[in-house]
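If you use this note's numbering, the sequence shown closes out at 453, no skipped numbers anywhere.
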Amino acid sequence: KAACAVVVADLARDPALMPSIYLVRGARLRCQAVSGYWQVFDGMPPGTGVIGATFQSGRPIVVSDTEGSDHYLEAVPAVHSEACVPIRLGEDVIGVINVESEQSLDTSTTTARLEQCAELLSARIAELGGLQRESRSERLARHAARLAGLVDAGAIQHLVREAARDVAEMESSTIALRQADGSYSVKGLGPQAHALEALTPDVLAQLFGWVESMTSAYTIGEPGGRGFAGHEPLRAAGAEALVVLPLGDVEAPGGVLLLTHSAPIALDTEDIELLELLALQATSALATAEAVAELHSRATSDGLTGLGNHAAFHAALAEACARPPRPRLALMLADVDRFKAVNDREGHAAGDIALTEVGRALKSALRAEDHVYRIGGDEFAALVRVADADEARATAERLHGAVSGTACPAVSIGVAVHERDEGGETLFGRADAALYRVKRGGRDGITVG
Numbered sequence: 005k006a007a008c009a010v011v012v013a014d015l016a017r018d019p020a021l022m023p024s025i026y027l028v029r030g031a032r033l034r035c036q037a038v039s040g041y042w043q044v045f046d047g048m049p050p051g052t053g054v055i056g057a058t059f060q061s062g063r064p065i066v067v068s069d070t071e072g073s074d075h076y077l078e079a080v081p082a083v084h085s086e087a088c089v090p091i092r093l094g095e096d097v098i099g100v101i102n103v104e105s106e107q108s109l110d111t112s113t114t115t116a117r118l119e120q121c122a123e124l125l126s127a128r129i130a131e132l133g134g135l136q137r138e139s140r141s142e143r144l145a146r147h148a149a150r151l152a153g154l155v156d157a158g159a160i161q162h163l164v165r166e167a168a169r170d171v172a173e174m175e176s177s178t179i180a181l182r183q184a185d186g187s188y189s190v191k192g193l194g195p196q197a198h199a200l201e202a203l204t205p206d207v208l209a210q211l212f213g214w215v216e217s218m219t220s221a222y223t224i225g226e227p228g229g230r231g232f233a234g235h236e237p238l239r240a241a242g243a244e245a246l247v248v249l250p251l252g253d254v255e256a257p258g259g260v261l262l263l264t265h266s267a268p269i270a271l272d273t274e275d276i277e278l279l280e281l282l283a284l285q286a287t288s289a290l291a292t293a294e295a296v297a298e299l300h301s302r303a304t305s306d307g308l309t310g311l312g313n314h315a316a317f318h319a320a321l322a323e324a325c326a327r328p329p330r331p332r333l334a335l336m337l338a339d340v341d342r343f344k345a346v347n348d349r350e351g352h353a354a355g356d357i358a359l360t361e362v363g364r365a366l367k368s369a370l371r372a373e374d375h376v377y378r379i380g381g382d383e384f385a386a387l388v389r390v391a392d393a394d395e396a397r398a399t400a401e402r403l404h405g406a407v408s409g410t411a412c413p414a415v416s417i418g419v420a421v422h423e424r425d426e427g428g429e430t431l432f433g434r435a436d437a438a439l440y441r442v443k444r445g446g447r448d449g450i451t452v453g
């Protein structure tokens, strides 16, 4: 940073120039030295503004008139021109030297001067051993920025495991989550991950007990010291150092983040505080992911049967027709025959129970990769992977047989097998026409269109 300040001070001797130097830290460009500004941009993503574009391209960029530039990122209103050159260390671009001016810049003279400064600064950085490594807190900030953009629980857990290893500088990280039925979901990353994933429920319960009051627990670098109750299986798994952090809160301690290392290293309290902050961010991100998943489930699930609903079906139909499964896709529309009579005779509560039973029967007759939906009052649809029309009919017969054992034993089923380049509406229309033929022919049967 001192070397950058010297270069900026030299450039600033020209009162027409406002110089700045940015070096890459993590995935962003960080301002190391600047002169002539009251405020600056920092944390510049590669590709943003003249500075980011120069870094990304590895080539000098000169903006003669900021009014007509696509690259220029407006800061000081009176700036008329800007010039920027990359700083290289070996083959790598590690930063940029940038100048802005309220006057016109001589392109060749300015570029030559900046490139000379970049060459001298690069040589000095090399003498100092290269760029400084990111601090633990800087690494945490970088991972936290990525974490903020995730809403998928699996992706969140993977990033948290990566981030924990990076920030702690430890070999392995594992997340253990307690499920609603009392079992544990355990997934690790690193050389000790396999052994940690094999920990028994009793050992995991003891780990949870260490941090259930929302404290953290960690080793202090003394191999001969006494461990907490239950630590022996961890050492047997190769952990000579560990950090255990709670995920959740006192009311709902749903998981732990476990870091392990094969050598008896010790982290400072300040390092543990950073990991505790990561655990809090992970807890918040996972809670958000759960809420998003719940909202998605409510938006796409039928409230009575738990099957996919009308909207989910049509979205899946469009997706399946755009990228049909191999060998082929079959659409089956099933209509419960004389369902109104059940409602009239036994009441709507009994009718709801009957529909739930029908939905359960249809689902049980399909493979796990096939899907069934409730798309109307007594109307169901299934998207099924088949080899040909014969297999489609055989599948429809399984559905028909499964429903025959319910409180609504009669069902009409129309089947259509997807043709090449056929859209969802067309396929649905053919299946619906096949269903209509069954209805017109006396109901309680199957027609393949």
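The beta-carbon is built from N, C-alpha and C at its ideal position, and this holds for glycine as well. As the structure is a computational prediction, the values presented were derived from the model and not from experiment.
Sub-8 Å separation of residue i and residue j beta-carbons
i: valine 421; j: valine 390; result: yes
i: leucine 299; j: valine 171; result: no
i: lysine 191; j: glutamine 161; result: yes
i: valine 419; j: alanine 365; result: no
i: leucine 387; j: leucine 321; result: yes
i: alanine 243; j: threonine 264; result: yes
i: alanine 87; j: histidine 75; result: no
i: alanine 396; j: alanine 334; result: yes
i: leucine 337; j: leucine 439; result: yes
i: leucine 27; j: arginine 34; result: yes
i: alanine 437; j: glycine 449; result: no
i: arginine 150; j: leucine 132; result: no
i: asparagine 102; j: serine 217; result: no
i: serine 39; j: alanine 20; result: no
i: threonine 304; j: alanine 293; result: no
Collapsed DSSP secondary structure at residue i in the structure displayed
i: phenylalanine 59; result: helix
i: leucine 311; result: coil
i: proline 36; result: As written in the sequence, residue 36 is glutamine, which differs from the proline given in the question. Here glutamine 36 sits in strand by DSSP.
i: aspartate 339; result: strand
i: arginine 143; result: helix
i: glycine 158; result: helix
i: glycine 355; result: helix
i: arginine 371; result: coil
i: histidine 404; result: helix
i: leucine 208; result: helix
i: threonine 223; result: coil
i: threonine 178; result: strand
i: serine 288; result: helix
i: isoleucine 379; result: coil
i: tyrosine 26; result: strand
i: alanine 411; result: coil
i: valine 89; result: strand
i: leucine 271; result: coil
i: alanine 241; result: coil
i: phenylalanine 232; result: coil
i: serine 44; result: Here residue 44 turns out to be valine, not serine, going by the sequence shown. Looking at valine 44 - three-state DSSP - the assignment turns out to be coil, as it is neither helix nor strand.
Buried versus exposed, by CB contacts within 10 Å (16 or more), residue i
i: serine 112; result: exposed
i: serine 177; result: buried
i: phenylalanine 343; result: buried
i: glycine 427; result: exposed
i: glutamate 423; result: exposed
i: histidine 352; result: exposed
i: alanine 116; result: exposed
i: arginine 302; result: exposed
i: alanine 152; result: exposed
i: arginine 29; result: buried
i: threonine 204; result: exposed
i: lysine 5; result: exposed
i: arginine 64; result: Checking the sequence shown, residue 64 turns out to be proline, not arginine. So proline 64 ends up on the buried side.
i: serine 85; result: buried
i: arginine 330; result: exposed
i: glycine 51; result: exposed
i: threonine 273; result: exposed
i: glutamine 107; result: exposed
CB-CB length for residue i against residue j, believed under 8 Å
i: alanine 31; j: arginine 146; result: 6 Å
i: valine 248; j: leucine 125; result: Contact flag wrong, Cβ pair sits at about 44 Å.
i: glutamate 104; j: methionine 22; result: 5 Å
i: leucine 308; j: aspartate 356; result: 6 Å
i: arginine 434; j: aspartate 392; result: Not really, about 16 Å apart at Cβ, beyond 8 Å.
i: isoleucine 179; j: arginine 165; result: 6 Å
i: arginine 378; j: asparagine 313; result: 7 Å
i: glutamate 383; j: aspartate 341; result: Contact doesn't hold; Cβ gap of about 11 Å is too wide.
i: alanine 7; j: isoleucine 129; result: 7 Å
i: alanine 283; j: leucine 238; result: With a Cβ gap of about 18 Å, alanine 283 and leucine 238 do not count as contacting.
Near the ligand SAH: residue i beta-carbon under 7 Å from a heavy atom
i: tyrosine 26; result: Judged by which ligands are present, the structure shown has none, so any question about the ligand SAH falls away.
At least 3 beta-carbon pairs within less than 8 Å: the stretch 91 to 102 vs the stretch 72 to 83: no
Touching by the beta-carbon criterion (3+ pairs, under 8 Å), the stretch 215 to 226 and the stretch 196 to 203: no
Contact between the stretch 427 to 440 and the stretch 310 to 328 (3+ Cβ pairs under 8 Å): yes
Segment contact, 8 Å Cβ cut-off, at least three pairs: the stretch 257 to 271 with the stretch 114 to 122: no
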